[in-house]
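A.B. asks:
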Ligand code: MN
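In this note's numbering, the protein residues as written are 181 to 431.
1) Only counting the same chain, and skipping five residues up and downstream in sequence, which positions put a Cβ closer than 8 Å to that of residue 309?
2) By a C-beta neighbour count over all protein chains shown, 10 Å radius and 16 as the cutoff for buried, is residue 368 buried or exposed?
3) Give me the Cα-Cα distance between residue 286 and residue 224, rounded to the nearest whole angstrom.
4) Does the beta-carbon of residue 219, which I'm using as the reference point, lie nearer than 7 Å to any heavy atom of the ligand MN?
5) Spell out the partners DSSP gives residue 355 in its beta bridges.
6) Counting C-beta neighbours from all protein chains within 10 Å, is the total for residue 438 16 or more, i.e. buried, or is it exposed?
7) Any heavy atom of the ligand MN inside 7 Å of the beta-carbon of residue 345?
8) Is DSSP giving residue 346 helix, strand or coil here?
9) In three-state terms, what does DSSP make of residue 272?
10) Assuming residue 193 contacts residue 272 (C-beta within less than 8 Å), just tell me the rounded distance between them.
11) Does the ligand MN have even one heavy atom less than 7 Å from the beta-carbon of residue 273?
12) Using three-state DSSP, classify residue 201 as helix, strand or coil.
13) Do residue 321 and residue 227 have their C-beta atoms closer together than 8 Å?
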């Protein structure tokens, strides 16, 4: 099996190293990841500049681009062969609910899927606890891969896997979930540059708003791994008829 690993926290992130360690015995491994933290890059492609690629070691590439750039490059000519499986992560932080719209971790998986390769995104959900249980997440990665080998997914499905930050023995199990929703993000944080000019940090994400039964938030809160099947189609199918009547009135 040919596996491609990527992430959005950057080539040297601990979560990517944990991911590599978890899967390198499973087949032929290539790593193509951003050369620095590109969290929040979403599905952006760099179209206004060329992409620099440094081969740090054989089949290990650090790219001056986004996670989507990395997977796009990897599949569209950088690697000699297409991967059979793309793994993105392990992200240092949650990708729950609305996070998936901003996430570079999820974007790398979506890019792989749209180019025809099975893909899974992994994220470790932690609060203020400085300890990171990447070893737990690594075992979750191995469990998910074993399942993927025995049962195939629909060709448009990407799995978004969020993992509680706890020892493996404290995990309650696995749950299939839907995306919840967050409250609006926290306000921007104003600051100044050394010359007194105003600058702003984007604020942190909001708390879970729709965190009810069946959501990824609820599963994590209860100590379960949340496995959410995602698709790229953002069409609001329930709104088609209503908007259709509205649009008909225009012509
Ligand atoms: Mn990240």
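Glycine residues also receive a C-beta, built at the ideal position from the N, C-alpha and C atoms. If you're wondering where the values come from, they're calculated on a predicted model, not measured in any experiment.
C.D. replies: With the structure as the only source:
1) What you label residue 309 is simply residue 129 of the chain shown in a count that begins at 1. The beta carbon of residue 309 sits closer than 8 Å to the beta carbons of 345 from its chain, once the five residues preceding and following it are set aside; these are given in chain order.
2) The residue you call residue 368 lines up with position 188 of the chain shown. Residue 368 counts as exposed, since fewer than 16 other beta carbons sit within 10 angstroms of its beta carbon.
3) Within the chain shown, the letter at position 106 stands for residue 286. Within the chain shown, the letter at position 44 stands for residue 224. Straight through space, the alpha carbons of residue 224 and residue 286 are spaced by roughly 12 Å.
4) Translated into the one-based positions of the chain shown, residue 219 becomes position 39. Within 7 Å of the C-beta of residue 219 there is at least one heavy atom belonging to the ligand MN.
5) Here the question's residue 355 lines up with position 175 in the chain shown. Per DSSP, 406.
6) No statement about residue 438 is possible, as the shown extent of the chain runs from 181 to 431 and does not include it.
7) Counting from 1 along the chain shown, the entry for residue 345 is found at position 165. For the ligand MN, not one heavy atom lies less than 7 Å from the Cβ of residue 345.
8) Stepping through the chain shown from its first residue, residue 346 is reached at position 166. Residue state, collapsed to three classes: coil.
9) Looking up residue 272 in the chain shown gives position 92. If DSSP states are grouped into helix, strand and coil, residue 272 belongs with the strands.
10) Here residue 193 corresponds to residue number 13 of the chain shown, with the count starting at 1. Here residue 272 corresponds to residue number 92 of the chain shown, with the count starting at 1. Between residue 193 and residue 272, the beta carbon gap of about 7 Å places them in contact (Cβ cut-off 8 Å).
11) Residue mapping note: residue 273 aligns to position 93 of the chain shown, counting from 1. In terms of side-chain proximity, the C-beta atom of residue 273 is found nearer than 7 Å to a non-hydrogen atom of the ligand MN.
12) Against the chain shown, residue 201 aligns to sequence position 21. Looking at residue 201 - three-state DSSP - the assignment turns out to be helix.
13) The residue you call residue 321 lines up with position 141 of the chain shown. The residue you call residue 227 lines up with position 47 of the chain shown. It is not a contact, given that the beta carbons lie outside the stated cut-off.
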